[in-house]
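In what follows, a structure is listed as structure tokens, so that the remarks can point back to it.
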Amino acid sequence: MPSEQLINPLKILNTIGRQTIDIVNHMGAVVIFFSHGFVRIFRKKQWRQIVQQIYYIGATSSAIVAVVGLFTGMVLGLQLYYTLIKFGSVGVVGAAVSLSIIRELGPVLMAIMITARAGSAMTAEIGIQRISEQIDALYTMRIDPVKFLISPRIAASIISFPILTAFFDLLGILGGWFSAVLLLGVNEGAYFHRVRSSLEMIDIQGGFIKRML
Numbered sequence: 010m011p012s013e014q015l016i017n018p019l020k021i022l023n024t025i026g027r028q029t030i031d032i033v034n035h036m037g038a039v040v041i042f043f044s045h046g047f048v049r050i051f052r053k054k055q056w057r058q059i060v061q062q063i064y065y066i067g068a069t070s071s072a073i074v075a076v077v078g079l080f081t082g083m084v085l086g087l088q089l090y091y092t093l094i095k096f097g098s099v100g101v102v103g104a105a106v107s108l109s110i111i112r113e114l115g116p117v118l119m120a121i122m123i124t125a126r127a128g129s130a131m132t133a134e135i136g137i138q139r140i141s142e143q144i145d146a147l148y149t150m151r152i153d154p155v156k157f158l159i160s161p162r163i164a165a166s167i168i169s170f171p172i173l174t175a176f177f178d179l180l181g182i183l184g185g186w187f188s189a190v191l192l193l194g195v196n197e198g199a200y201f202h203r204v205r206s207s208l209e210m211i212d213i214q215g216g217f218i219k220r221m222l
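Residue numbers (my numbering): 10 to 222.
In structure tokens:
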């Protein structure tokens, strides 16, 4: 019994330690891989591939970003109105909608949408290229696969994400305006005044940084 009681805690600690080391190793590999791709963006400009990836990541994702942003703002406007009216604070609906979208909901929903749509598609595309030995062919032709395949996608993501972020935030605020002002009768001037007065540059910067991470 004493030996068994000693062994079990050691096994648990061993398992936790092994899993922690695996996670750290995986995170380190991801950071190194990303840094290699990021550095190669500046070595040789591949504008054609970058523009193609901007269209693929940004333009083709704009429809779903617009729909989700608009309906998120509408739902927020409705829920916040019925919550704030109990306290006689309907005038701050604009501030609550804008801060909720730009600070918190926007980064989370944008990350999920872009990862689910563009990220999974790019992963599948590169995986198929690996299986079909297209990446090996690039090595044979003395072409760096990281620079040819990964760097344009990283550059396109860096360019597209802020644009999609601003698009999502704008439509979210307009969605809140639609439900709060047009449907529920909140004063339009008060709504947009609260949006302008409540937002600070640090809120916008924080939202952009969260989305990029």
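Just so it is clear, CB atoms sit at the ideal spot from N, CA and C, and this is done for glycine as well.
{"query": "Do you know how far the Cα of ILE144 is from the Cα of SER70?", "result": "27 Å"}
{"query": "Compare the Cα-Cα distances from GLN62 to each of ILE163, VAL40, PHE177 and report the closest residue.", "result": "ILE163"}
{"query": "Based on Cα-Cα distance, which residue from GLN214, ASN23, PRO18, LEU183 lies nearest to ALA104?", "result": "LEU183"}
{"query": "Where does GLN55 sit, in a helix, a strand or coil, going by DSSP?", "result": "coil"}
{"query": "Mind checking PRO18: buried by the 16 CB within 10 Å criterion, or exposed?", "result": "exposed"}
{"query": "State whether the stretch 121-132 contacts the stretch 86-99, with contact taken as three or more CB pairs (one from each stretch) at a distance under 8 Å.", "result": "no"}
{"query": "Can the beta-carbon of VAL101 be found closer than 8 Å to that of ARG203?", "result": "yes"}
{"query": "Could you give the first and the last residue of the continuous alpha helix (DSSP H) run that contains GLU197?", "result": "197-207"}
{"query": "Rank SER166, ALA68, PRO171, ILE135 by C-alpha distance to the C-alpha of PRO154 and give the top, closest one.", "result": "ILE135"}
{"query": "Measuring only the C-alpha atoms, how far is SER207 from GLN88?", "result": "19 Å"}
{"query": "Return helix, strand or coil for SER141, following the three-state DSSP convention.", "result": "coil"}
{"query": "Is SER206 near the ligand NAD, going by C-beta to nearest heavy atom under 7 Å?", "result": "Judged by which ligands are present, the structure shown has none, so any question about the ligand NAD falls away."}
{"query": "At which residue ranges does the stretch 107-179 contain complete alpha helix (DSSP H) runs of 4 or more residues, listed in the order of the chain?", "result": "115-123, 129-140, 143-149"}
{"query": "Pull up the distance between the alpha-carbon of ARG57 and that of ILE137, whole angstroms please.", "result": "22 Å"}
{"query": "With DSSP run on the structure shown, which of helix, strand or coil describes LEU15?", "result": "Since pLDDT at LEU15 reaches only 49, below the 50 mark, its modelled position is unreliable, and the value read off the structure follows with that caveat. In this structure, LEU15 counts as helix in the three-state DSSP scheme."}
{"query": "For VAL190, does the count of other Cβ atoms within 10 angstroms reach 16, so buried, or fall short, so exposed?", "result": "buried"}
{"query": "Between the stretch 33-41 and the stretch 157-177, do at least 3 Cβ pairs fall closer than 8 Å?", "result": "no"}
{"query": "With DSSP collapsed to three states, give me the class of GLY86.", "result": "helix"}
{"query": "Nearest CA to the CA of MET122: which residue from THR81, VAL74, SER166?", "result": "VAL74"}
{"query": "Short check: CB of GLY82 to CB of GLY185, under 8 Å?", "result": "yes"}
{"query": "List the whole-angstrom C-beta distance separating LEU85 from ILE110, where the pair is believed to meet the contact cut-off of C-beta under 8 Å.", "result": "7 Å"}
{"query": "Alpha carbons only, please: which of GLY181, ILE30, ILE211 is nearest the one belonging to PHE201?", "result": "GLY181"}
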